[in-house]
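Peer 1:
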Amino acid sequence: MFHALANPARFLRLMAAIRPWAAGVAVLGLLSGLGWGLLYSPPDYQQGETVRIMYIHVPSAWMAMFIYAVMAGASGVTLIWRHPVAELAAKASAPVGAAFTIICLVTGSLWGKPMWGTWWVWDARLTSMLILFFLYLGYIALWEAFDDPARAGRAAAILALVGAINLPIIKFSVDWWNTLHQPASVLTLEGPKIHPDILWPLILTALGAKGYYVWLLTLRVRAEILSRQARILRFAAATDRRAG
Amino acid sequence: MYWASLGDFLAMGGHGAYIWSSFALAAVVLLALALQSRAGVKMAEREHAEARQDAGRDS
Amino acid sequence: MSAFLAIVGRDLRLGFGAQGALLTTLLFFVLAVSLFPLGVGPEPQILARISAGVIWVAALLAALLSLDRLFQGDQEDGTLDLLAQAPLPLGLAALAKVLAHWLTTGLPLSLMAPLLALLLQMDSEAIPVLLLALLLGTPSLSLIGAIGAALTLGAKRGAVLVPLLTLPLLIPVLIFGVGAVEAAAYGLSASPHLLLLGAFFAGSLALSPFAIAGAIKLALE
């Protein structure tokens with residue numbers, strides 16, 4: 001454990017360097033994407049103005065999945081190369097991914113209510129998102145379940161990888177389940193056919209969201225590294241005291 | 245711009261409550277995360293400085 | 304091979320014994336299923352409509368009940384350390400324990416299910432498919448459940464954590480399992496669902512030993 005964070009300074013510097021750029025991307029992307037979506041894009045002929053909720057709902061769905069993929073990749077790096085910063089990046093990402101999942105689920109509910117009069121629709125995407133939310137919760141819970149952070153980190157890494165392998169299968173089975181039970185009127189939360197007036201705000205917002213995530217990550221991983229280092233220092237000081 | 249007036253913009257064709265709640269929720273969650281992350285960094289920096297002091301004192 | 308069978312035998316003896324998983328699992332299964340008519344009403348059409356889902360969900364939960372003890376007893380008395388250091392690869396040793404777990408939970412559940420299906424007014428054509436689907440699906444429950452059990456060895460509130468970690472991963476089994484039974488009830492072919500169940504089982508069988516062994520080694524460090 002001592003060698004592991006022996007040279008965190010490089011990562012701390014890297015993160016500090018990235019931070020302002022990420023913040024810039026976040027602000028520009030989110031403002032332009034959402035601004036375009038709210039002010040300039042057309043309503044849907046079927047759904048009316050509520051289609052604008054899509055500009056929050058869809059990018060947050062993408063982020064929830066993207067962040068899980070990042071977590072899984074970082075977990076793989078953790079298990080194969082035992083790289084401590086990868087482990088911390090995964091840990092730091094999980095609450096962010098869970099937050100995007102919640103945003104996706106709630107905005108999905110708010111989108112569905114005016115359209116179909118119900119607060120929840122068991123369509124394929126929302127159901128998969130709900131399951132993804134449970135996967136995030138389980139991952140976060142596993143980190144909290146052990147006093148030894150090294151043990152917690154590796155266990156969580158295994159869980160994330162198992163979840164990542166399973167996730168496509170889960171999505172497939174939920175899509176399958178949804179088509180089996182498709183009611184007469186097709187209730188899905190697919191937005192209107194993607195055409196440029198709608199695609200560009202979505203892409204801009206998604207880019208902004210990624211910038212936001214990276215910015216958050218630089219902060220959160222910094223906190224994790226410093227916390228770990230503090231723990232190591234305290235541990236070393238305690239053993240020195242006992243020895244001396 | 246698509247909207248004729250600020251009133252139209254806020255009303256969103258009668259669905260304003262749903263649309264603005266969605267945007268508000270997203271804003272609140274993302275802001276809360278940002279604040280919590282920054283608070284986390286400050287706390288970790290403090291922890292780190294204290295631990296450094298302690299370690300320095302004992303060596 | 305004999306080492307493998309020895310592990311299976313030992314776990315079977317424990318599982319079928321007085322404090323074993325068999326009784327708790329079956330009892331929970333029967334009780335849980337029996338609650339549904341009480342909660343939902345005795346109307347035969349409604350019960351028949353939900354029978355596949357109810358039986359599958361109850362089977363899932365019943366099989367999960369005994370999971371957190373799967374490795375815990377062995378960790379406490381040191382057997383797990385021995386297994387990790389034995390010549391038999393840890394993945395195989397884990398598979399042996401999973402096999403024993405299935406023999407004491409999934410298999411009995413599957414055999415009991417047709418009886419409960421009758422109670423829930425399930426279409427008689429669907430009942431053999433239910434049996435087959437459960438036989439194909441419950442091994443996956445034990446395999447994936449064992450991953451959760453190994454990951455949470457010695458964790459705080461491990462018993463609560465195991466369902467949280469495992470149930471989302473088992474949703475495909477639930478969906479394909481119920482799908483098979485409902486297809487049969489509607490007179491359609493259940494084979495696509497059964498094949499998918501089989502594929503999921505094959506995949507879990509191939510991959511979970513690695514995850515389980517990795518998690519056990521982690522717990523023993």
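Chains as they are written, first to last, in my numbering: chain V, 1 to 244; chain C, 245 to 303; chain R, 304 to 524.
Using N, Cα and C, we set each Cβ at its ideal position, and we do this for glycine too.
1) Distance, Cα to Cα, R:T328 vs R:A366?
2) Would a check of beta-carbon distances place V:F235 closer than 8 Å to chain R?
3) Return the CA-CA distance between V:G108 and V:W120, expressed in angstroms with no decimal places.
4) Using DSSP with H/G/I as helix, E/B as strand and the rest coil, what is V:G117?
5) My output table needs one value for R:G344: the three-state DSSP class, helix, strand or coil.
6) R:G440 by DSSP, collapsed to three states: which one?
7) Could you tell me which residues DSSP pairs with V:D44 in its beta bridges?
8) Three Cβ pairs or more, each shorter than 8 Å: is that satisfied between the region 13-25 of chain V and the region 227-237 of chain V?
9) What residues of chain R sit near V:F134, judged by a beta carbon separation below 8 Å?
10) Is C:G251 helix, strand or coil by DSSP?
11) So what does DSSP say about V:L79, is it helix, strand or coil?
12) Distance, Cα to Cα, R:T469 vs V:L39?
13) Does the Cβ-Cβ distance between R:A452 and R:L370 come in under 8 Å?
14) Check whether the Cβ atoms of R:V360 and R:L423 lie closer than 8 Å to each other.
15) At a CB-CB cut-off below 7 Å, which residues of chain V make contact with C:A295?
16) Is V:S60 close to chain R, meaning its C-beta is less than 8 Å from at least one C-beta of that chain?
17) Among V:Q46, V:I56, V:G24, V:R13, whose alpha-carbon lies nearest the alpha-carbon of V:P201?
18) Determine the extent of the alpha helix (DSSP H) in which R:P390 is found, giving its start and end residues.
19) If you pair each beta-carbon of the region 101-117 of chain V with each one of the region 47-63 of chain V, do three or more pairs fall below 8 Å?
20) Where does V:D147 sit, in a helix, a strand or coil, going by DSSP?
21) Between the alpha carbons of V:A16 and V:P196, how many angstroms are there, rounded?
22) Please state if the CB of V:A89 and the CB of V:A74 are separated by a distance shorter than 8 Å.
23) Between V:F11 and chain R, is the shortest Cβ-Cβ distance under 8 Å, so that the two count as touching?
24) Got a sec: is the Cβ-Cβ distance from C:S265 to anything in chain V below 8 Å?
25) Looking at chain V, is there any beta carbon in it that lies within less than 8 Å of the beta carbon of C:L279?
26) Do you know offhand how far R:Q527's Cα is from C:S265's?
27) Cα separation between R:F479 and C:A278?
28) Mapping DSSP to helix, strand and coil, what is R:E524?
29) What are the boundary residues of the alpha helix (DSSP H) that includes V:W215?
30) For V:Y45, is the classification buried or exposed, using 16 other Cβ atoms within 10 angstroms of its Cβ as the cut-off for buried?
31) Looking only at its own chain, which residues have a Cβ that is under 7 Å from the Cβ of R:L368, when we skip the five neighbours before and after it?
32) Determine, using beta carbons only, whether R:T455 comes closer than 8 Å to chain V.
33) Inspect the CB distances between the region 304-312 of chain R and the region 249-257 of chain C and report whether three or more fall short of 8 Å.
34) By a C-beta neighbour count over all protein chains shown, 10 Å radius and 16 as the cutoff for buried, is V:A184 buried or exposed?
35) For V:G97, which residues of its own chain have a beta-carbon under 6 Å away from its beta-carbon, when the five flanking residues on both sides are left out?
36) From which residue to which residue does the alpha helix (DSSP H) around R:S369 run?
Peer 2: Walking through what the data contain:
1) For R:T328 and R:A366, the distance between alpha carbons rounds to 6 Å.
2) With 8 Å as the cut-off, V:F235 does not count as an interface residue toward chain R.
3) The straight-line gap from Cα to Cα measures roughly 8 Å.
4) The answer is coil: DSSP assigns V:G117 none of H, G, I, E or B.
5) DSSP places R:G344 in coil when its eight states are reduced to three.
6) In the structure shown, the three-state DSSP call for R:G440 is helix.
7) In DSSP, V:D44 forms a bridge with V:G48.
8) No, because fewer than three Cβ pairs between the region 13-25 of chain V and the region 227-237 of chain V fall closer than 8 Å, the two stretches do not touch.
9) By Cβ distance, chain R contributes L467, L470, P471.
10) C:G251: helix per DSSP, three-state reduction.
11) Helix, per DSSP.
12) Rounded to the nearest whole angstrom, the CA to CA distance from R:T469 to V:L39 is 44 Å.
13) In this structure, the beta-carbon distance from R:A452 to R:L370 falls below 8 Å.
14) Contact flag unset, no.
15) Neighbours of C:A295 on chain V, chain order: A230, L233, R234.
16) Chain R contact via Cβ: absent.
17) If we check each option's Cα against that of V:P201, V:I56 comes out closest.
18) Unbroken run through R:P390: none, as it is neither H nor E.
19) Cβ pair count under 8 Å is three or more, so yes.
20) Coil.
21) Our two residues, V:A16 and V:P196, have alpha carbons roughly 36 Å apart in a direct line.
22) One thing to note: V:A74 has its Cβ within 8 Å of the Cβ of V:A89.
23) For V:F11, the answer is no, since every Cβ of chain R falls outside 8 Å of its Cβ.
24) So, interface residue.
25) For C:L279, the answer is no, since every Cβ of chain V falls outside 8 Å of its Cβ.
26) Absent from the structure is residue 527 of chain R, since the part of chain R shown begins at 304 and ends at 524.
27) Rounded to the nearest whole angstrom, the C-alpha separation of R:F479 and C:A278 is 41 Å.
28) R:E524 falls in the coil class under three-state DSSP.
29) Start and end: 196-243.
30) Its Cβ having fewer than 16 others within 10 Å, V:Y45 is exposed.
31) Around R:L368: T327, T328, F331.
32) Cβ-Cβ to chain V under 8 Å: yes for R:T455.
33) Contact between the region 304-312 of chain R and the region 249-257 of chain C is absent: fewer than three C-beta pairs spanning the two stretches fall below 8 Å.
34) Low per-residue confidence applies at V:A184: pLDDT is 44, beneath 50, and the placement is therefore not dependable, though the value from the model is reported in the following sentence. Label assigned to V:A184: exposed.
35) Closer than 6 Å at Cβ, skipping near neighbours: A64, I67, Y68, Y136.
36) R:S369 -> no alpha helix (DSSP H), and no H or E assigned at all.
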